[in-house]
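These notes concern the structure reproduced below.
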Amino acid sequence: MQPQETDDEPSEKDALQPGRKIVAAGYALYGSATLVALSTGQGVDCFMLDPALGEFILVDRDVKIKKKGKIYSLNEGYAKYFDPAMTEYLKKKKFPEDGSSPYGARYVGSMVADVHRTLMYGGIFMYPANQKSPKGKLRLLYEGNPMAFIIEQAGGIATTGTEAVLDVKPEGIHQRVPLILGSPDDVHEYLACVQKHQKSS
Numbered sequence: 008m009q010p011q012e013t014d015d016e017p018s019e020k021d022a023l024q025p026g027r028k029i030v031a032a033g034y035a036l037y038g039s040a041t042l043v044a045l046s047t048g049q050g051v052d053c054f055m056l057d058p059a060l061g062e063f064i065l066v067d068r069d070v071k072i073k074k075k076g077k078i079y080s081l082n083e084g085y086a087k088y089f090d091p092a093m094t095e096y097l098k099k100k101k102f103p104e105d106g107s108s109p110y111g112a113r114y115v116g117s118m119v120a121d122v123h124r125t126l127m128y129g130g131i132f133m134y135p136a137n138q139k140s141p142k143g144k145l146r147l148l149y150e151g152n153p154m155a156f157i158i159e160q161a162g163g164i165a166t167t168g169t170e171a172v173l174d175v176k177p178e179g180i181h182q183r184v185p186l187i188l189g190s191p192d193d194v195h196e197y198l199a200c201v202q203k204h205q206k207s208s
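In the working numbering, the protein residues as written are 8 to 208.
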């Protein structure tokens, strides 16, 4: 949700605003329970539907993402098309150079489910650009921005790999972007791989 730019009739221009102008964002997760995560710019709260009451009950107030997680979430079916930075980052998660335990891999294929797990348990969710989708696959305005807003409100980081997702200036309603988000330490480690490969190229 973003403020309307003018007092005129709503137009496409009103939608083409950077994510930094978002005033509220949320998502619903359906499963054994129905959950809604919501932020109005004052942190993130989670509500669960109580079917007996027919109302949503606050179950988690001011959710904060862990500084570092133990899980990465990514469709590795596209590994053949990943850039060298992503390939190196994945190697670091699977074969840690310091001898620590490798990260667990979890990927449902539902962005909301994967991002929610990342929010609650920490770690990193990645849908990067690759050779087949050089501009990324997820849509900025109605996939990337809402999730980036939620993650930042919880203390995490959301990036395209070159800039904060919420700073991207939209040029079209269905514009796509790469999306990497999650725990600050995990995202910083990924960005260090990106910067290393930018310097060497």
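In this text, a Cβ means the ideal position worked out from N, Cα and C, and glycines have one as well.
Within 10 angstroms of its Cβ, does residue i collect 16 or more other Cβ (buried), or is it exposed?
i    : result
E159 : buried
G189 : buried
E104 : exposed
S46  : buried
V115 : exposed
I180 : exposed
S39  : exposed
Y149 : exposed
D15  : exposed
V175 : buried
P153 : buried
G106 : exposed
In whole angstroms, give me the CA-to-CA distance for residue i and residue j.
i    : j    : result
A22  : K71  : 28 Å
Q205 : E95  : 13 Å
R124 : A155 : 14 Å
K98  : K87  : 14 Å
L60  : V119 : 25 Å
F63  : A35  : 11 Å
D52  : D121 : 18 Å
D193 : Y110 : 11 Å
P141 : G50  : 33 Å
G129 : S80  : 11 Å
L56  : A44  : 11 Å
L186 : Y85  : 15 Å
E83  : A112 : 10 Å
G151 : L145 : 6 Å
S108 : P17  : 52 Å
G48  : S207 : 39 Å
G143 : M93  : 13 Å
L147 : G76  : 25 Å
I131 : H195 : 10 Å
K5   : Q24  : This structure does not reach residue 5, given that the chain is present from 8 up to 208, and the question cannot be answered.
Take residue i as the anchor and find which of the options has the nearest alpha-carbon.
i    : options               : result
A253 : Y110, R183, R113, L97 : Limits of the chain in this structure are 8 at one end and 208 at the other, which puts residue 253 out of reach.
P58  : T47, L42, S207        : L42
M127 : K28, L56, T47, R68    : R68
A161 : V201, D15, S80, A32   : A32
T166 : G26, G50, K73, K20    : G26
E19  : P153, P191, P177      : P177
I78  : G84, L56, K101        : K101
Y37  : E83, L81, S117        : S117
L65  : A44, F132, L81, F54   : F54
G163 : S108, Q24, F89, K74   : K74
L29  : P191, D90, I157       : One detail in the question is off: residue 29 reads as Ile in this sequence, not Leu. Per the Cα distances, I157.
G201 : S108, P191, D90, I131 : Just to set this straight, residue 201 is Val in the shown sequence, not Gly. Answer by Cα proximity: D90.
Does the beta carbon of residue i sit closer than 7 Å to a beta carbon anywhere in chain D?
i    : result
V122 : Structure shown: chain D not included; a single protein chain is present.
If we count Cβ pairs, one from each stretch, closer than 8 Å, do we get three or more for the segment 170-178 versus the segment 127-143?
With a cut-off of 8 Å, the segment 127-143 and the segment 170-178 do not count as touching, because too few Cβ pairs lie within range.
Give, in chain order, every unbroken run of the alpha helix (DSSP H) that is at least 4 residues long and sits entirely within the segment 104-159.
Entirely contained in the segment 104-159, the alpha helix (DSSP H) runs reaching 4 residues are, in chain order, 118-128.
Minimum length 3: unbroken beta strand (DSSP E) runs contained in the segment 63-102:
Segments of the beta strand (DSSP E) lying fully in the segment 63-102: 78-80.
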